[in-house]
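Visitor:
Number of protein chains: 2
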Amino acid sequence: MQMKQVKDYKQAFHECLKRMGLRSTVQRDVIVDEFFAQDRHLTPEELYRILRRKHRRIGFSTVYRTLKLLTGCSLVREVGTSNGTTLFEASFNHPHHDHLICDCCGKLIEFLDQEIESIQERVALKHQFHMTGHRLIIQGICRECIKKGKS
Amino acid sequence: MQMKQVKDYKQAFHECLKRMGLRSTVQRDVIVDEFFAQDRHLTPEELYRILRRKHRRIGFSTVYRTLKLLTGCSLVREVGTSNGTTLFEASFNHPHHDHLICDCCGKLIEFLDQEIESIQERVALKHQFHMTGHRLIIQGICRECIKKGKS
DNA sequence: GTTAATGCAAAACTTTTGCAAATTG
DNA sequence: CAATTTGCAAAAGTTTTGCATTAAC
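Protein sequences appear in the order of chains A and B. Numbering-wise (numbering that gives the first Met the number 0), the first sequence opens with residue 0 and increments by one. Numbering-wise (numbering that gives the first Met the number 0), the second sequence opens with residue 0 and increments by one.
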């Protein structure tokens with residue numbers, strides 16, 4: 000099962016590169032592998048630090064450039080910004096969802112509410128908008144932080 | 000009517016400053032006035048450029064510091080980020096709402112859907128989250144851009 | 001062998017901060 | 001007059017870019 004999944008995102012990436020007339024490189028493979036292995040929200044900086052531990056010769060710019068590529072291939076999406084840096088998450092085999100974010104500890108919880116989804120389409124329709132996507136973030140304090148009385 | 004409104008946000012600002020033990024200054028007044036006169040979404044840089052045209056002696060840092068203050072006083076809120084810079088909008092006498100944003104021309108349309116609002120509270124409750132706010136942005140192509148075929 | 005991609009360092013951004021001078025209450 | 005706020009310049013961040021070198025097709 001694990002292998003199937005691994006094969007899939009990589010295959011999709013290589014196909015996308017080929018379609019765009021771009022080349023597959025060692026660095027691009029290493030980056031996409033590490034990103035999908037982590038299986039969580041990452042900033043470019045976190046990803047870079049993880050990569051450096053395992054593969055000495057990787058540049059920050061390559062990480063940025065590859066994340067942009069992956070976004071273009073719809074394998075990765077920008078979730079939002081946290082403390083001025085962009086947060087990315089895998090979107091391949093990871094269907095759309097929204098987020099609860101804890102103002103206190105920064106924890107991110109994913110959720111999907113079908114009603115919200117369909118109301119959004121209705122709103123877009125009403126304004127004669129061709130909806131291409133959306134982003135919903137609910138801010139608040141999570142259960143653990145409430146318990147700890149951290150406000 | 001116009002005068003009433005003008006008096007209100009300024010009064011609220013001064014009261015908030017006093018409450019926090021902070022001082023009213025010429026610069027803070029100029030900035031809040033200009034922000035509310037514009038009555039639209041602004042980046043710190045746009046606001047600064049507008050201010051500079053009218054009042055030569057204003058520093059960029061003061062604009063940033065005052066925007067932060069105004070946010071703390073709930074007179075202004077952060078709407079999101081556009082091209083790496085923060086977008087602010089007036090929130091005094093400007094109740095909560097969400098946004099449709101055109102990927103093509105950048106136009107921002109405000110909307111409010113009560114159903115979405117209440118479902119969000121339900122979602123927060125389900126995850127035992129104490130919701131303090133939320134942000135919903137629907138991306139897409141607006142009617143005008145569709146017509147112009149700008150895709 | 002062409003052409004594209006990399007790593008590095010430097011640049012370009014936005015936002016924050018330290019500090020002497022000015023302004024406020 | 002004591003304490004806060006300002007403007008400036010410099011720092012601190014993140015992200016992008018220019019360019020010689022390396023790697024892919």
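No residue lacks a Cβ here, since even glycine has one placed at the ideal position from N, Cα and C.
Can you find the residues in the same chain that come closer than 7 angstroms, C-beta to C-beta, to His54(A), ignoring five residues on each side of it along the sequence?
Guide: Val29
Visitor: Determine, using beta carbons only, whether Leu86(B) and Val31(B) come nearer to each other than 8 angstroms.
Guide: Not closer than 8 angstroms, so no.
Visitor: Residues in the same chain with beta-carbon distance under 7 angstroms from Phe35(B), minus the five sequence neighbours each way, listed in chain order, please.
Guide: Within the same chain, Phe35(B) has close Cβ partners Tyr8, Ala89.
Visitor: Check the Cβ of Arg142(B) against every Cβ in chain A and list those closer than 8 angstroms, keeping chain order.
Guide: His126, Gln127, Phe128
Visitor: Which residues in chain A have a C-beta closer than 8 angstroms to the C-beta of Gly105(B)? List them in chain order.
Guide: Those within 8 angstroms of Gly105(B) in chain A number zero; the least Cβ separation is about 14 angstroms.
Visitor: Taking 8 angstroms as the CB-CB limit, is Thr80(B) close to chain A?
Guide: Yes, its Cβ sits closer than 8 angstroms to a Cβ of chain A.
Visitor: So what does Val75(A) bridge to, in DSSP terms?
Guide: Ala89(A)
Visitor: My guess is that Ile136(A) and Gly79(A) are in contact by the Cβ rule of under 8 angstroms, so how many angstroms apart are they, rounded?
Guide: With 8 angstroms as the limit, Ile136(A) and Gly79(A) qualify as a contact, their Cβ atoms being about 6 angstroms apart.
Visitor: If I measure Cβ to Cβ from Thr65(A) and keep anything under 6 angstroms in the same chain, skipping five residues before and after, which residues do I get?
Guide: Arg27, Ile30
Visitor: In or out: Glu143(B) buried (at least 16 other Cβ within 10 Å) or exposed?
Guide: exposed
Visitor: Is the Cβ of Phe87(B) closer than 8 angstroms to any Cβ of chain A?
Guide: no
Visitor: Have a look at Arg134(A) and His126(A) and give me their C-alpha separation to the nearest angstrom.
Guide: 18 angstroms
Visitor: By the criterion of Cβ-Cβ separation under 9 angstroms, what are the contact partners of Arg134(B) in chain A?
Guide: Gly79, Arg134, Leu135, Ile136, Ile137, Gln138
Visitor: Identify the contact partners of Glu114(A) in chain B, using a Cβ-Cβ distance below 8 angstroms as the criterion.
Guide: Glu114, Ile118
Visitor: I'd like to know if Thr131(A) contacts chain B, where contact means its C-beta is closer than 8 angstroms to some C-beta of that chain.
Guide: yes
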